[in-house]
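Numbering (the UniProt record's numbering), first residue to last: 1 to 192. Have a look at the structure below before the remarks.
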Ligand SMILES: Cc1cc2nc3c(=O)[nH]c(=O)nc-3n(C[C@H](O)[C@H](O)[C@H](O)COP(=O)(O)O)c2cc1C
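In structure tokens form, the structure reads like this:
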């Protein structure tokens, strides 16, 4: 049996994100980020395909990505509101880890399972950052789903896509918890 870990259980029962727009400098250093990335890469992965990789977006990259989001938004005919939203997570960003799904050719492992594994990596990264005492938030937004933005801004290939931009920095305030799911409504127990 694995040893009982009450601190880990307490963390999982109370964890919550910190909205990216409430985060401030500093973000983690490269040395501080390494154990967080290491924890994220220790995620379930059917067939050991490693269908994911990380791109660490440091402060210097944010202005370039904000400008590119605005340029792409104009090309796509986005509304003023979407243009502002597309820019803002980069304009306000301190540090973010882009978790990239890297689709592997496999006769055995369905593509969907590679997507699930990538989502697991995102949550593990978010949780490791929170457990390390940082504010953290999993965002996407329309630029993350725009292949041209991802190719030009992040250097993604055709078989790659953004699963999440995990913003990590210093929290300024802890938000009130949001309503959590009604367990009875989402759980059924099968005993025979
Ligand atoms: C795949 C994915 C993408 C998300 N993208 C956004 C986003 O672009 N903007 C946003 O405000 N919240 C987004 N969210 C929700 C935030 O992460 C939100 O803060 C989160 O649901 C809070 O949950 P927690 O407190 O349980 O950690 C996204 C969540 C997921 C799973």
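Where a beta carbon is used, it is the ideal one built from N, C-alpha and C, also for glycine.
Asked                                                                                                                                                            : Found
For residue 4 and residue 84, what's the separation of their Cα atoms in angstroms?                                                                              : 47 Å
Looking at the secondary structure, which residues open and close the alpha helix (DSSP H) in which residue 161 lies?                                            : No alpha helix (DSSP H) holds residue 161; the beta strand (DSSP E) holding it covers 160 to 171.
Whole-angstrom Cβ separation of residue 51 and residue 102, contact assumed at under 8 Å?                                                                        : 5 Å
If I measure Cβ to Cβ from residue 56 and keep anything under 6 Å in the same chain, skipping five residues before and after, which residues do I get?           : 97
Using the three-state DSSP reduction, which class does residue 187 fall into: helix, strand or coil?                                                             : coil
Taking only the alpha-carbon atoms, compute the straight-line gap between residue 90 and residue 65 and give it to the nearest angstrom.                         : 6 Å
Is it buried or exposed, residue 114, if we count other Cβ atoms within 10 angstroms and call 16 or more buried?                                                 : buried
Would you kindly check if the distance between the Cβ of residue 39 and the Cβ of residue 163 is under 8 Å?                                                      : no
Ligand 1 and residue 93: does the residue's C-beta get closer than 7 Å to at least one heavy atom of that ligand?                                                : no
Note down, in chain order, each residue of its chain lying with its Cβ closer than 7 Å to the Cβ of residue 15, except the 5 sequence neighbours on either side. : 127, 130
Quick check: the stretch 71 to 80 against the stretch 102 to 112, are at least 3 beta-carbon pairs closer than 8 Å?                                              : no
In this structure, what does DSSP give as the bridge partners for residue 53?                                                                                    : 100
Whose C-beta lies closer than 8 Å to the C-beta of residue 35 among residues of the same chain, with five residues either side of it excluded?                   : 128, 132
For residue 139, is the beta carbon positioned less than 7 Å from some heavy atom of ligand 1?                                                                   : yes
On the DSSP letters alone, give me the boundaries of the beta strand (DSSP E) that residue 137 sits inside.                                                      : 135 to 139
If you follow the alpha helix (DSSP H) that residue 110 is in, where does it begin and where does it stop?                                                       : Residue 110 -> no alpha helix (DSSP H), and no H or E assigned at all.
Does the distance from the C-beta atom of residue 143 to that of residue 86 stay below 8 Å?                                                                      : yes
Going by Cα to Cα distance, which pick from 93, 188, 10, 190 is closest to residue 20?                                                                           : 93
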